[in-house]
Amino acid sequence: ALVIGTGASPNHLNVPGETELTGRGVSYCATCDGWFFKDKRVVVVGGGDSALEEALFLTRFASEITIIHRRDQLRAGAILQRRAKENPKIKFIWNSVVSEVVGSEAVQGVRIKDVNTAEERVYPTEGLFIFIGHTPNTQIFAGQVDMDERGYIRSNQLMETSVPGVFVAGEVADSTFRQVVTSAGMGAAAAIRATHFLESQES
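Residue numbers (my numbering): 3 to 205.
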């Protein structure tokens with residue numbers, strides 16, 4: 003029996019300074035790192051549900067959250083959009099992308115490029131949260147188990163995949179919650195089912 007738990011990796015901007023300052027102001031998880039930015043100004047990159055959910059969570063700690071989005075409108079659901087736009091701590095910079103993370107020992111700002119005019123400027127911030135999606139780590143399983151169009155492994159409520167004896171747990175099959183506690187629960191369920199599978203082979 004096999005339990006697949008290879009997880010998913012957050013998509014990166016792949017801009018200068020991002021890798022070097024990860025953990026020094028660059029983050030991919032507001033629920034993990036939000037507390038470290040109490041009373042600080044932070045930037046959130048993204049325009050989907052995750053970006054707005056995380057931005058709203060950050061309002062518990064940060065003094066100001068600026069959402070930078072490459073388009074002039076968000077992709078997130080209407081309720082999340084309304085909540086974000088009505089929150090006095092949140093503001094928006096439209097039609098812009100982050101082209102560089104600025105700082106030596108810690109994030110001091112981001113270089114922003116206007117996608118329409120190509121004009122660039124440095125925007126001061128003490129934190130950069132990037133929420134532009136996740137990529138499941140399933141490349142090695144391509145063609146061996148059923149996956150959805152985004153590469154997440156399909157499973158039923160018993161953590162069973164399309165291959166008998168192969169089970170799945172965590173973010174490799176979960177594009178919704180992406181939390182340690184839910185992944186751990188899925189792992190426990192998958193282990194129990196794998197045990198039952200092995201016992202059934204003995205009889």
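By construction, the Cβ of each residue, glycine as well, lies at the ideal position given by its N, Cα and C atoms. Treat the numbers as computed from the prediction; the structure is a model and nothing was measured.
Item to check | Proximity winner among L54, R180, V103, E122, relative to F94 (alpha-carbon distances) | outcome: L54
Checklist entry - Beta carbon of G19, beta carbon of V99: below 8 Å? => result no
Checklist entry - Can you round the beta-carbon distance between V47 and F133 to whole angstroms, since I take them to be within the 8 Å contact cut? => result 7 Å
Next on the checklist: Assuming contact is defined by CB atoms lying nearer than 8 Å, are F59 and W37 in contact in what I supplied?
Outcome noted: Their beta carbons are not under 8 Å apart, which means F59 does not touch W37 by this criterion.
Item to check | Continuous alpha helix (DSSP H) assignments of at least 4 residues falling wholly in the region 44-82 | outcome: The DSSP assignment places 51-60 as complete runs of the alpha helix (DSSP H) inside the region 44-82, in order along the chain (cut-off: 4 residues).
Item to check | Continuous alpha helix (DSSP H) stretch holding A32: start and end | outcome: 32-35
Next on the checklist: Quick check on V182: does DSSP put it in helix, strand or coil?
Outcome noted: helix
Item to check | D148 classed as buried or exposed, judged by whether at least 16 other C-beta atoms fall within 10 angstroms | outcome: exposed
Next on the checklist: Can you give me the C-alpha to C-alpha distance between A80 and D51, rounded to a whole angstrom?
Outcome noted: Their Cα atoms are separated by approximately 10 Å.
Checklist entry - Applying the criterion that 16 or more other CB atoms from any shown protein chain within 10 Å of the CB defines a buried residue, is F39 buried or exposed? => result buried
Checklist entry - Which residues bound the beta strand (DSSP E) around D116? => result 111-116 is the span of the beta strand (DSSP E), which, as asked, contains D116.
Checklist entry - How far does the beta strand (DSSP E) with Y125 in it reach, from first residue to last? => result Per DSSP, Y125 belongs to the beta strand (DSSP E) from 122-126.
Checklist entry - Helix, strand or coil: which one does DSSP assign to F169? => result strand
Checklist entry - In three-state DSSP terms, what is F39? => result helix
Item to check | Bridge partner(s) assigned by DSSP for F94 | outcome: I69
Checklist entry - According to the Cβ coordinates, are R123 and M161 closer than 8 Å? => result Their beta carbons are not under 8 Å apart, which means R123 does not touch M161 by this criterion.
Next on the checklist: Can you confirm whether the region 3-19 touches the region 169-185 when touching is taken to mean that 3 or more C-beta pairs between the two stretches lie within less than 8 Å?
Outcome noted: The way I'd put it, the region 169-185 does touch the region 3-19; three or more beta-carbon pairs between them come closer than 8 Å.
Item to check | Candidates E66, G27, K115, Q181: closest to P90 by CA position | outcome: Measuring from the Cα of P90, the nearest candidate turns out to be E66.
Checklist entry - Based on Cα-Cα distance, which residue from A192, G135, E151 lies nearest to R163? => result In the sequence as presented, Arg is not what sits at residue 163; that position holds Thr. Comparing Cα-Cα distances from T163 to each of A192, G135, E151, the minimum goes to A192.
Next on the checklist: Are the CB atoms of V28 and L130 within a distance shorter than 8 Å?
Outcome noted: yes
Checklist entry - Between the C-alpha atoms of Y154 and E56, what's the straight-line distance to the nearest angstrom? => result Their backbone Cα atoms lie some 22 Å apart in a straight line.
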